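Here the structure comes first, spelled out in structure tokens, and everything after it is commentary.
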Amino acid sequence: MAERAVDVLIVGAGAAGASCASELRARGFDGSVLLVGRELDPPYERPPISKGYLTSREASFLPVPDDVELLTRTSVMKLDTAARAASLSTKDTVSFGSAVLCTGANVRRLPLDGSNLEGIHYLRALRNADALRADVEGASRVALVGGSFIACEVAASLTTMGVGATLVFPEEAPMALQFGGRVGGWVRGLLESRGVEVLAGEEVARFEGDGEDVQRVVCASGRVVECSAVVVGVGAVPDVTLARSSGLELGSTGGIRCSSSLETSAAGVFAAGDACEYDSVLHGRPVRIEHHEVAAGQGRCAARNVLGEGAAYDDVPYFWSDLADWATIEAVGPAVEGWDREEVRGSFESGSFSVFYSLGERLVAALTCGRAGDLDEARARLRAAAAA
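Whatever position you read off the sequence shown (first residue = 1), add 1 for the numbering used here.
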């Protein structure tokens, strides 16, 4: 028997969970809402972890309505979707009317020799950034493994702190996998012009240290990067442990399989955020997107559908990346399906440019640096194409 009952249970106190709780109240819902998060901190924005948070201790906490019950340091251990009951790590059992799973994602770890050495960091939570800040004080150089957003952003943040940064990754250029070689070449040039060492085309073979602390990154080519600390940013995997144990259907990308309205295979149970793999009316297929703005938007959509609206999540995906105060990259409609044509507006040389990515005659994504009008145009075109 459940010790208590709530109208809505939200599992995961990140951007999706916080926005879901806020949207419920904003739409006049006065039932009981329980927001459960396993982290020590209340909901906060994750993007600053690799950006400004490294250079400023001020945390970006997200608003949660005062009349929403928030449990931190608490996990949902078991979810019975048929009985509408959840078992918490506090040993309490809670019955619920509707549930929203916002379980997020976990960092992908490198199973390499030396990976247990002290000073190797993975950034996902505020406490990870705290540990890195403490570790880099007085450091001469930090090695960053990965060529995507986290590694590039941290490299820029560390450089502004006066710490040397070396990027090590196997691709041809940073961010090339996401945005192609031309954008990747521009990112590389920007980083190098600010003092970041970029080692492209290098696979990390192992980490080494003469004692308990990491001191070197050794590449498969034999190249060695001497360092005081390491930050690994090689992606994330959706956290579907609870969903799987609850018998919910999973999708082809490993996320929680959802309809266009974000409802899972269990009626009355929704998902939002990094773990949500939903039928996208914009893409015409199931997609899963790991971006802060998408998580917040899906949390709001899930709240509306908990209230019976039955709305499809149709926001055009938006993403941004700050490279210190050197440049801000913005993108809409991430081209996860690939593209075969790029239209460049402006110029890379000036640092003010846009790239429109198309597959055949169809626009699939756009990226801009300093040309907000182009982003607005791309967003409108993507929405119009989906409605056609």
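Using N, Cα and C, we set each Cβ at its ideal position, and we do this for glycine too.
Note that the structure is a prediction, hence the values are computed from the model and not measured.
ask   = Among the residues of its own chain, which have a CB less than 8 Å from the CB of Leu124, if the five just before and after it don't count?
value = Result list for Leu124: Ile50, Ser51, Val108, Ala130, Leu133, Ile151, Val155, Val232 and Gly234, in chain order.
Whole angstroms is fine: what's the gap from Thr161's alpha carbon to His284's? Rounded to the nearest angstrom, the two C-alpha atoms are 38 Å apart.
In this structure, how does DSSP classify Ser57 when only helix, strand and coil are distinguished? Caution applies to Ser57, whose pLDDT of 47 falls short of 50 and renders its modelled position unreliable; the model cannot decide the point.
Check: Can you tell me whether DSSP reads Gly274 as helix, strand or coil?
Finding: In the structure shown, Gly274 sits in coil (DSSP, three-state: anything other than H, G, I, E or B).
Item checked: Selection from Gly190, Gln216 and Glu203 that minimises the alpha carbon distance to Pro171 -> The candidate whose alpha carbon is nearest that of Pro171 is Glu203.
**Asked** Under a three-way DSSP split, which group does Ser23 fall into?
**Response** It is helical.
To the nearest angstrom, how far is the alpha carbon of Leu72 from that of Ala6? Each residue's Cα considered, the two are about 15 Å apart.
Item to check | Neighbourhood of Asp341 by C-beta, 8 Å cutoff - its chain only, sequence neighbours within 5 removed | outcome: Here the set comprises Ser359, Leu360 and Gly361.
Hey, Ala230 and Asp136 are a contact pair by Cβ (cut 8 Å); roughly how many whole angstroms apart? Contact flag correct, Cβ pair sits at about 5 Å.
Open item on the list: Does Val282 pass the burial test, meaning 16 or more other C-beta atoms within 10 Å, or should it be called exposed?
Closed with: Residue burial is scored here from C-beta neighbours: Val282 has fewer than 16 other C-beta atoms within 10 angstroms and is therefore classed as exposed.
Just mark Glu40 as buried or exposed, buried being the case when its beta carbon has 16 or more other beta carbons within 10 Å. Under this definition Glu40 is a buried residue.
- Thinking C-beta only, is Val34 closer than 8 Å to Asp8? In this structure, Val34 lies closer than 8 Å to Asp8 by Cβ.
In the DSSP output, what is Trp321 paired with across the bridge? Its beta-bridge partners are Glu331.
Beta-carbon proximity check, Gly115 vs Asp240, cutoff 8 Å: Cβ distance not < 8 Å, so Gly115 and Asp240 don't count as in contact.
Problem set entry | Residue of Arg28, Arg301 and Asp211 minimising C-alpha distance to Ser20 | Ser20 has its Cα closest to that of Arg301, out of Arg28, Arg301 and Asp211.
Q. Between Arg245 and the rest of its own chain, which residues show a CB-CB distance below 8 Å, the 5 nearest in sequence each way excluded?
A. In chain order, Leu251 place their CB closer than 8 Å to the CB of Arg245, counting only its own chain and leaving out the 5 sequence neighbours on each side.
**Item:** Beta-carbon proximity list for Gly1, same chain, < 7 Å, skipping 5 on both sides
**Value:** There is simply no residue 1 to check, as the chain begins at 2 and stops at 389 in what is shown.
Original post:
From this set, Leu249, Gln299, Thr254 and Ala328, which residue's C-alpha is nearest Tyr319's C-alpha?
Top reply: When Leu249, Gln299, Thr254 and Ala328 are compared, the shortest CA-CA separation from Tyr319 is found for Gln299.
Task: alpha helix (DSSP H) segment containing Cys220, residue limits - done: Careful: Cys220 lies outside any alpha helix (DSSP H), inside the beta strand (DSSP E) at Arg217 to Cys220.
Taking Cβ positions, are Gly274 and Ala22 nearer each other than 8 Å?
For Gly274 and Ala22, no; Cβs fall outside 8 Å.
Please classify Val225 as buried or exposed, where buried requires at least 16 neighbouring CB atoms within 10 angstroms.
By the neighbour-count rule (16 or more Cβ atoms within 10 Å), Val225 is not buried but exposed.
From Ala86 to Ser99, what distance separates their C-alpha atoms?
Rounded to the nearest angstrom, the two C-alpha atoms are 10 Å apart.
Pull up the DSSP beta-bridge partners for Val164, would you. Note: Val164 sits in no beta bridge, so no partner.
*asked:* Considering just the uninterrupted stretch of the alpha helix (DSSP H) at Leu127, what are its terminal residues?
replied: Start and end: Leu127 to Val137.
Under three-state DSSP, which class holds His122? Looking at His122 - three-state DSSP - the assignment turns out to be strand.
If Ala367 sits next to Phe357, beta carbons under 8 Å apart, how far is it from one beta carbon to the other, in whole angstroms?
Their Cβ separation, rounded to whole angstroms, is 5 Å, which keeps Ala367 and Phe357 in contact under 8 Å.
So Thr1 is in the alpha helix (DSSP H); what residue range does that whole segment cover? With the chain running from 2 to 389 in the structure shown, residue 1 is simply not present.
Beta carbon of Glu291 nearer than 8 Å to that of Ala332: Against a cut-off of 8 Å, the Cβ pair of Ala332 and Glu291 comes out as no contact.
Asp214 in three-state terms, based on DSSP: Three-state result, Asp214: strand.
### Query
Can you round the beta-carbon distance between Pro43 and Ala14 to whole angstroms, since I take them to be within the 8 Å contact cut?
Yes, Pro43 and Ala14 are in contact; Cβ-Cβ is about 7 Å, under 8 Å.
Should Asp375 be listed as close to the ligand ATP, given that the test is whether its C-beta is under 7 Å from any heavy atom?
The ligand content of the structure shown is nil, which means the ligand ATP is not present either.
**C-beta atoms of Val215 and Cys228 nearer than 8 Å** = Yes; because the gap between Cβ atoms is below 8 Å, this pair is in contact.
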